[in-house]
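What follows is a set of notes on a single structure, which appears directly below.
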Amino acid sequence: MGFDFSPAWISIKVTLTATAIVFFLGLVIAWLMTNYNGRWKGLIDGILTLPLVLPPTVAGFGILLLIGKNGPIGNFLEIFGVNIIFSWYAAVTAAVVVAFPLMYKTTMGAFEQIDPNILSAARTLGASEVKVFWRVAVPVARPGIAAATALTFARCLGEFGATLMVAGSIPGKTETIPIAIYFATQSGEMQIALIWVLIIFAISLTVLVINNYWESHKKKQQRGLGG
Amino acid sequence: MAFMIDIKKNLYDFQLAVKLQSQEEIIGILGASGSGKSMLLRCIAGLVKPDQGQIIINGKTFFDSEKKINISMGARKVGFLFQNYALFPNMTVVQNIGFGLDHLPKNEKKRRIDALMEKYHLGDIGNRYPTQISGGQQQRVALARAVAVEPDILLLDEPFSALDVHLRNHMMKEMAESLKEFTGLTLFVTHNREEAYRLADHIAIFNTGKLEVLGHKDMIFKHPASLETAKITGCKNLVEARRHSDYQLDIPKWGVTMQTTMKIVAESGYMGVRANQVKFINNPEYSGINRFKVYIADESDGPFRTSLYLKIGSPAKSLDDYHLQAEISRDERDRLFDRSQPYEIEINPESVFFVIE
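Read top to bottom, the protein sequences are chains A and B. Add 27 to a position in the first sequence, counting from 1, and you land on the number used in our numbering. Add 2 to a position in the second sequence, counting from 1, and you land on the number used in our numbering.
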């Protein structure tokens, strides 16, 4: 029997999907929260950041309550004959919940760094809020957003605890690289575990390094030192 | 061209309550930092909503709390020049200028950008980013971007405050020329009296959210109408005074009586005289009015001019023991110090003004 590469494909599928979801969700919510200064800001921010500090098993438990057979979302989807739990969608859900605070917090930090006059300038020039967001806020905060996205990708790829709880470890279906490493180690297949460790190491490092070089290239372009 | 502003807005520690009405083209708004003058511009632009009142520019109602009118920033057509220019760092010069013109057809947009690039001498830097151009160029790009939307009113928020003195004078000259190109109303906010005086003919004095006075700059600087105006226009010598006769003031703190050309009506108030109007007399033989013997308490040298702190009548006991300030050139100071104290000063009655609080 040859080496089973399916955890790699599952991991990449789950990670890319979750990163895309977290990217847009984090971007929009971070922007809304940056502009919201009401009295609930502290509370909402706390709730949105919570998955970052709680053990992933707590996140997994929460997701199970929501999308499990008897959970409200699970019940609702049951009507359409859809069952998320123990599918790769559940793995995506787990990654989204766990990685979201990373994207949200980092992006919000980047938005808060923007000179408010730049945003005001766009508004006095008649820009709609949508235009202010996409044409000014996002491009100006791009280095921070790129860093947030790279971190999100790495976090989604490495997600283990919550994923195991809600998606299980079904080979060829929900078994991702981190879970494959865990079970390989558990059953003493140290060589297989090592291969997966090296693979996940390579992917994460590549993404982070590409992000760094791309950002410094962009910076040089705007500073007039190259590009 | 005319505008009418009458708004109230509660700020963190005071209330902005401004009534300003004028037909002048360029008005400088002079006030200390934190006096609410930037907030006024933000209210006009629509960045901040006033609590109540009206803003009418060229017959167009921007805001009217009673009629519940508060038109959008895009519909207001206001050109806003920010303190640090606030150029979009992610866009080239051409993209910055064209930002407000996205609603136009492509070739019309290009035509307008080209015309502005020409007008503001931005010829060959169209494809550069803001960080790649000089401060003067940034200012012109910001101005071109602001007037691109063909605004009825141009608002300038402390455009030179971040610059060093040398660059500031240069940019002020440039700005004065650029403003001639613009044919709408201009409201220009600053805490620097020199900027206000150089760029605007008419000046409004602002003090903690209230407008003290609006008038021609010469009137405001020569004959301030209030104590605050006198302070904001930089008058160094302000002292309590009492009416002696129609053209005479008693200054109890200085122990002298001062002649004026301005008729004194109120019983008590403040006498003011600018530091550069205090003249030293070389030949004391001739007698004149408003002449006093002074001793020097302290001095503070600038590169070209010196401030002298003077005490009238008797020698100063300490550095802080002085009555008034005089400002003279370094040369004059050197000549003066060849002689011995006391020196004699003269204050022209025409440069003496009297204000009530």
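We treat Cβ as the ideally placed atom computed from N, Cα and C, and that holds for glycine.
Item                                                                                                                                         : Value
6 angstroms Cβ shell around S302 of chain B - same chain, five flanking residues per side excluded                                           : S309
Residue burial classification, W67 of chain A (beta-carbon count within 10 angstroms, cutoff 16)                                             : exposed
Integer-rounded CB distance, given that R276 of chain B should sit under 8 angstroms from S353 of chain B                                    : 7 angstroms
Contacts of M119 of chain B in chain A (Cβ-Cβ under 9 angstroms)                                                                             : Going along chain A, no residue has its Cβ under 9 angstroms from M119 of chain B, so there is no contact; the nearest lies around 17 angstroms.
Distance, V85 of chain A Cα to A9 of chain A Cα                                                                                              : Because chain A in this structure spans residues 28 to 254, residue 9 of chain A falls outside the shown range and cannot be described.
Neighbour list for L49 of chain B in chain A, Cβ cutoff strictly below 9 angstroms                                                           : S147, R150, T151
9 angstroms Cβ cutoff, A243 of chain A in contact with chain B                                                                               : In the sequence on display, residue 243 of chain A carries Ser and not Ala. Chain B, which has no Cβ nearer than 9 angstroms to the Cβ of S243 of chain A, makes this no.
Identified DSSP bridge partners for R307 of chain B                                                                                          : B:S331
Opening and closing residue of the beta strand (DSSP E) in which F160 of chain A lies                                                        : No beta strand (DSSP E) contains F160 of chain A, which DSSP labels as neither H nor E.
Contacts that Q141 of chain B makes with chain A (C-beta to C-beta distance below 9 angstroms)                                               : Simply none; closest approach about 14 angstroms.
Chain A within 9 angstroms of L89 of chain B, Cβ atoms only                                                                                  : yes
Own chain, CB closer than 7 angstroms to D53 of chain B, minus 5 neighbours either side, in chain order                                      : K10, K11, N12
Residue nearest to F32 of chain A in terms of C-alpha spacing, selected from A:A168, A:I204, A:T176, A:I90                                   : A:I204
V236 of chain A, buried or exposed, once every other Cβ within 10 Å from all chains shown has been counted against 16                        : exposed
Span of the alpha helix (DSSP H), counted from its first residue to its last, around Y209 of chain A                                         : 204 to 213
Distance, E110 of chain B Cα to G253 of chain A Cα                                                                                           : Summary for G253 of chain A: the model assigns pLDDT 40, below 50, so the residue's position carries little reliability; its value from the coordinates is reported in the next sentence. In a straight line, the C-alpha of G253 of chain A is about 33 angstroms away from that of E110 of chain B.
C-beta neighbour in chain B for V163 of chain A, strict 9 angstroms                                                                          : yes
Where L278 of chain B sits in the DSSP three-state scheme                                                                                    : Looking at the sequence shown, residue 278 of chain B is not Leu but Asn. Three-state DSSP puts N278 of chain B in a helix.
Given Q299 of chain B as reference, the closest of B:F306, B:P317, B:Y14 once Cα atoms are compared                                          : Reading off the sequence, residue 299 of chain B comes out as Ala, not Gln. Of B:F306, B:P317, B:Y14, the residue nearest in Cα terms is B:P317.
Chain A residues whose Cβ lies nearer than 9 angstroms to that of I260 of chain B                                                            : In the sequence as displayed, the identity of residue 260 of chain B is Met instead of Ile. The premise fails here: M260 of chain B is roughly 48 angstroms from chain A at the closest Cβ pair, so nothing lies under 9 angstroms.
Chain-order list of residues whose beta-carbon lies under 6 angstroms from that of G81 of chain B (same chain, five-residue window excluded) : A148, V149, P153, L156
Extent of the continuous beta strand (DSSP E) run through L240 of chain B                                                                    : 239 to 247
CB contact check: G253 of chain A to chain B, cutoff 9 angstroms                                                                             : Per-residue confidence for G253 of chain A stands at a pLDDT of 40, beneath the threshold of 50, marking its modelled position as unreliable; the derived number appears in the next sentence. No, its Cβ sits nowhere closer than 9 angstroms to a Cβ of chain B.
Any chain B beta carbon closer than 9 angstroms to V236 of chain A                                                                           : no
Minimum length 3: unbroken beta strand (DSSP E) runs contained in the segment 156 to 234 of chain B                                          : 187 to 192, 204 to 209, 212 to 218
Beta-carbon proximity of N209 of chain B to F162 of chain B, cut-off 9 angstroms                                                             : no
Identity of the residues DSSP links to A19 of chain B by a beta bridge                                                                       : B:K10, B:K212
Length of the line joining the Cα atoms of A47 of chain A and T76 of chain A                                                                 : 19 angstroms
Sub-9 angstroms separation of V119 of chain A and T179 of chain A beta-carbons                                                               : no
Backbone secondary structure at F356 of chain B - three-state DSSP                                                                           : strand
Own chain residues within Cβ distance below 8 angstroms of V96 of chain B, not counting five before or after                                 : I115, M119, G128, N129
The ligand ZN heavy atom lying under 8 angstroms from the CB of S136 of chain B                                                              : The ligand ZN is not part of this structure, which contains no ligands at all.
Cβ of N360 of chain B within 9 angstroms of any chain A Cβ                                                                                   : Here chain B has residues from 3 to 359 only, and residue 360 of chain B is not among them.
Inter-residue Cα distance where the pair is G138 of chain B and S243 of chain A                                                              : 27 angstroms
Cutoff 8 angstroms; reference K21 of chain B; Cβ partners in own chain excluding five residues on either side                                : I7, D8, L213
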